[in-house]
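Novice: First, the structure itself, so that you have it in front of you.
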Amino acid sequence: RIAITDTIGVVPFVDAGTVSTDQFPDFSGMKVGAGVGLRYITPFGPLRIDAAVPLNPDPDDPDFGIYAGIGQAF
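In structure tokens, the structure reads:
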């Protein structure tokens, strides 16, 4: 996390994952994305807004995603 002010921060990130119905996942279909998030620190926890793009999109995947939340993801 990169602090801009005492209450505002920026977070670059890379995320990857896969879905499988098998006991052992097949990582050949792994999806990867990258993005940047903005954090606003409040007394009850951070407010988050993130924007991301897929790095290995399929033709039917969206061009980008926007996500919002309260608290830290991890």
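Residues in the sequence shown are numbered consecutively from 1041, following my numbering. We put the beta carbon where it would ideally sit given N, CA and C, even for glycine.
1. Starting from F1084, trace the beta strand (DSSP E) both ways and give me its first and last residue.
2. State buried or exposed for P1086, treating a residue as buried only when at least 16 other CB atoms are found within 10 Å of its CB.
3. Considering Cα atoms alone, identify which of G1049, L1078 and M1070 is closest to Y1107.
4. From the DSSP output, read off the bridge partner residues of R1079.
5. Helix or strand or just coil, what does DSSP make of G1111?
Specialist: Short version:
1. The residue labelled residue 1084 in the question sits at position 44 within the sequence shown. Careful: F1084 lies outside any beta strand (DSSP E) and carries neither H nor E.
2. Within the sequence shown, the letter at position 46 stands for residue 1086. Classification of P1086: buried, given that the 10 Å Cβ count is 16 or more.
3. Start at 1 with the first residue of the sequence shown, and residue 1107 comes out as number 67. Ranking G1049, L1078 and M1070 by Cα distance to Y1107 puts L1078 first.
4. In the sequence shown, counting from the first residue as 1, residue 1079 sits at position 39. Its beta-bridge partners are G1049 and R1088.
5. On the sequence shown, position 71 is the one that residue 1111 refers to. It is coil, neither helix nor strand.
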